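A.B. asks:
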Amino acid sequence: MELRTLAYDHPDAKALIAEVQQEYVVRYGDEDITPVTPAEFAPPRGLFLVGYLDGVPMICGGWRAHDSDEPGFADGDAELKRMFVVQAARGRGLARVLLAELERTALAAGRRRMVLETGTEQPEAIALYSSSGYAPIAKFGVYAGYDNSRCFGKRIAVPATAE
13 MELRTLAYDH
23 PDAKALIAEV
33 QQEYVVRYGD
43 EDITPVTPAE
53 FAPPRGLFLV
63 GYLDGVPMIC
73 GGWRAHDSDE
83 PGFADGDAEL
93 KRMFVVQAAR
103 GRGLARVLLA
113 ELERTALAAG
123 RRRMVLETGT
133 EQPEAIALYS
143 SSGYAPIAKF
153 GVYAGYDNSR
163 CFGKRIAVPA
173 TAE
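According to the numbering used here, the stretch in the sequence shown is residues 13 to 175, in order.
Below, the structure written as C-alpha cells:
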C-alpha cells in the first residue's frame, strides 16, 4: 500500500469520506455530525492520509490537534478521524498500518496522546483500537451523551522524567 498525505478536501479523500459517511448511515441511521474543517488536517496541527492499492484509493484516516483549552482534551492530544477501509480491501491489515503511521506522524508533530470516538455498531474498529493499545477514556465531543458512543485513548509519547 502506498500512503499519500493529501488535503482533507482532495477529491480522493472526499470520495472516501463520503463512503465512510454512508457506512455511518447504514450502521447508525445518519452521518457523523462532528464538526470538521479541512484546515484542521493541515500540517503541522493535523494530517490526512489516503492509502492506494494499485493506484486506487482504498483507505483513509487523519488526525487533528487538540489541547486543554477545548473541553474533553488535554494538551498534546491528537484526535483520529475518518479511519475507513473500503469493503473490498478489508481484512488485510491495512487499517493497522495506517493507524501506526498516523500515530508516528502525530508523535513527530509533538502530540503525546491519540484519542478517538467510535460507536458500538463498529465492533471491528473497537477491536482494532483495543488490540493496538487503546483504552477507554471519558467520552468527549458531540457524542459524549450517546449510549452507543465509545471513546479511546493511547499515550504515544513517554512523558519526560525529572532528573
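In this text, a Cβ means the ideal position worked out from N, Cα and C, and glycines have one as well. Everything numeric in this text was worked out from a predicted model, so none of it was measured.
Given 8 Å as the limit, is there contact between the stretch 77-89 and the stretch 31-46, that is, 3 or more CB pairs closer than that?
C.D. replies: no
A.B. asks: At a threshold of 8 Å, does Asp81 count as lining the ligand HEM (C-beta to nearest heavy atom)?
C.D. replies: Absence of the ligand HEM from the depicted structure is noted, as is the absence of any ligand whatsoever, leaving it without description.
A.B. asks: Tell me the rounded alpha-carbon separation between Ala118 and Arg94.
C.D. replies: Position 106 of the sequence shown, counting from 1, holds the residue named residue 118. Position 82 of the sequence shown, counting from 1, holds the residue named residue 94. Near 15 Å, if we compare the C-alpha coordinates of Arg94 and Ala118.
A.B. asks: Under 7 Å Cβ to Cβ from Thr132, same chain only, skipping five residues before and after it: list those, please.
C.D. replies: The residue you call residue 132 lines up with position 120 of the sequence shown. Excluding residues within five positions, the ones whose Cβ falls inside 7 Å are Asn160, Arg162.
A.B. asks: Return yes when the Cβ of Glu113 is within less than 9 Å of the Cβ of Leu61, no when it is not.
C.D. replies: Counting from one through the sequence shown, the residue named residue 61 turns up at place 49. Counting from one through the sequence shown, the residue named residue 113 turns up at place 101. Yes, the pair counts as a contact, with Cβ atoms nearer than the cut-off.
A.B. asks: Report the CB separation of Gly165 from Arg125 in whole angstroms; it is logged as a contact under 8 Å.
C.D. replies: If you number the sequence shown from 1, residue 165 lands on position 153. If you number the sequence shown from 1, residue 125 lands on position 113. Indeed, because the Cβ distance is near 6 Å, the residues count as touching under 8 Å.
A.B. asks: So within the stretch 66-146, which uninterrupted beta strand (DSSP E) runs reach at least 3 residues, ignoring any that extend past its ends?
C.D. replies: 68-78, 89-97, 125-131
A.B. asks: Taking DSSP as the reference, what is the three-state secondary structure of Tyr64?
C.D. replies: In the sequence shown, residue 64 corresponds to position 52, counting from 1. It is a strand residue.
A.B. asks: Please confirm whether Tyr20 and Thr49 have their CB atoms less than 9 Å apart.
C.D. replies: Position 8 of the sequence shown, counted from the first residue, corresponds to residue 20. Position 37 of the sequence shown, counted from the first residue, corresponds to residue 49. In this structure, Thr49 lies closer than 9 Å to Tyr20 by Cβ.
A.B. asks: With distances taken between CB atoms, is the gap from Val127 to Phe96 smaller than 9 Å?
C.D. replies: Residue 127 sits at position 115 when you count from the first residue of the sequence shown. Residue 96 sits at position 84 when you count from the first residue of the sequence shown. No. Outside cutoff.
A.B. asks: How big is the Cα-Cα spacing for Glu136 and Val32?
C.D. replies: Locating residue 136 in the sequence shown gives position 124, counting from the first residue. Locating residue 32 in the sequence shown gives position 20, counting from the first residue. Looking at the two C-alpha atoms, the distance is approximately 14 Å.
A.B. asks: For Gly74, collect the residues of the same chain with a Cβ closer than 8 Å to its Cβ; drop the 5 residues on either side in sequence, then sort them by chain order.
C.D. replies: Translated into positions along the sequence shown, residue 74 becomes position 62. For Gly74, where only same-chain residues beyond five positions count, the Cβ hits under 8 Å are Tyr20, Phe53, Gly58, Leu59, Phe60, Leu61, Leu92, Lys93, Arg94, Leu114.
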